[in-house]
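Since the structure comes first, as structure tokens, the remarks are kept for the end.
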Amino acid sequence: MKILILDEQGLFLDAARFFLDDLRPKVEILTASKLENGLESLRNHTDIALVLVNAKKLKQQNRDPLNIIKEYAPSVPLCLLSDPLPRSEVMHLMQKGLVGYFPKNMRSEVFVHALRLVLAGEKYMPFDLDGVYYTDEPEEMSRYVVKDAHSRQKGFVHDNDGDEASTGHLVLPSTETLASLSAREMQTLKALRDGLSNKGIAIKFGVQEVTVKQHVSAVLRKLGLKNRTEAAMVARELNL
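Now the structure itself:
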């Protein structure tokens, strides 16, 4: 399996090679600092499974590199690497056919797990953009906005029309309550914090999705939370 990374910053390319060494099955990392070199790699390596592009740094004659690559290799999944972007821009790009968005300030372990998810055929975007929390679970297609960062925080969910409806107050669990979580349940809570879906968590830990659902249910029950989105918000507030 091969992954192509296009970025003009050599330091980032070297770091990406190091982080992705943990991916299994083993992948071969191809890198290019210029768009034309990346297109040449696509021409010479027809088995590339994924392309990651820092489009902002690879403008070519005012043409969007993402469009150029999609035209050149339409069947190859494409992800965007960049500095943090506004939510509206990310959503627009995802609607145009990207399978992933990876801000360069994300933690290395999250980067690796997110790539695993994309390579498994899923889409990935960060759970938190501009303070807005996302979930890609079908039963929880809602967006939460944190209004304050105190020990009690008010959450609001936007419906499809953009209206806000109060979800009530989230009360942070006590140390004793957190201690009631098993090691696997704590790992699951941290995975929820990172925005991973059930499938993504299953891939990360090498377990079945049904097992993940059981762990998620246990976390919600023990912490007295309504859904995985609230769990992610609590985990972030506690800096887990």
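Using the working numbering, read the sequence shown as starting at 553 and increasing by one per residue.
Beta carbons: idealized from backbone N, C-alpha and C, even for Gly.
Sequence-distant Cβ neighbours of HIS767 in its own chain, meaning closer than 7 Å and more than five residues away, are ARG736, GLU737, THR740.
DSSP places GLY649 outside any beta strand (DSSP E), giving it a letter other than H or E. Check the Cα spacing between GLU623 and each of GLY649, ALA731, ARG668: the tightest is with GLY649. 9 Å or more divides the Cβ of VAL605 from the Cβ of LEU582. The closest CA to that of ALA731, considering only LEU744, LYS751, PHE757, LEU792, is found on LEU792. Inside the segment 724-792, DSSP marks whole alpha helix (DSSP H) runs of 4 or more residues at positions 727-731, 735-745, 750-757, 761-775, 780-789, from first to last along the chain. Considering only ILE557, TYR676, LEU724, LYS608, the residue with the shortest C-alpha distance to GLU592 is ILE557. Shortest Cα-Cα distance from LEU572 to any of LEU602, GLY590, THR598 involves LEU602. The alpha-carbon of ARG780 is positioned some 12 Å away from that of ARG788.
Rounded to the nearest angstrom, the Cβ distance from LEU724 to VAL664 is 29 Å, too far for a contact under 8 Å. Beta bridge pairing from DSSP links PRO655 with SER634.
Using a Cβ distance threshold of 9 Å, TYR653 and GLY752 do not count as a contacting pair. Nearest to VAL651 by alpha-carbon distance, out of ARG773, LEU594, GLU674, SER627, is GLU674. In this structure, DSSP gives ALA601 an extended state, which the three-state scheme calls strand. In summary, GLY747 is buried, with 16 or more beta-carbon neighbours lying within 10 Å of its beta-carbon over all protein chains present. By the Cβ neighbour-count rule, LYS578 is exposed, with fewer than 16 other Cβ atoms within 10 Å of its own. Contact annotation, ALA743 with LYS756: C-beta distance approximately 6 Å; criterion of less than 8 Å satisfied.
If you draw a straight line from the Cα of VAL764 to the Cα of GLU782, it comes to about 17 Å. The beta carbons of MET658 and PRO629 sit no closer together than 9 Å.
Residue pairing by DSSP places LYS554 opposite GLU580, ILE600 in a beta bridge.
Excluding the 5 residues flanking it on each side, GLU761 has same chain C-beta neighbours closer than 7 Å at ASN750, LYS751, ALA754, in chain order.
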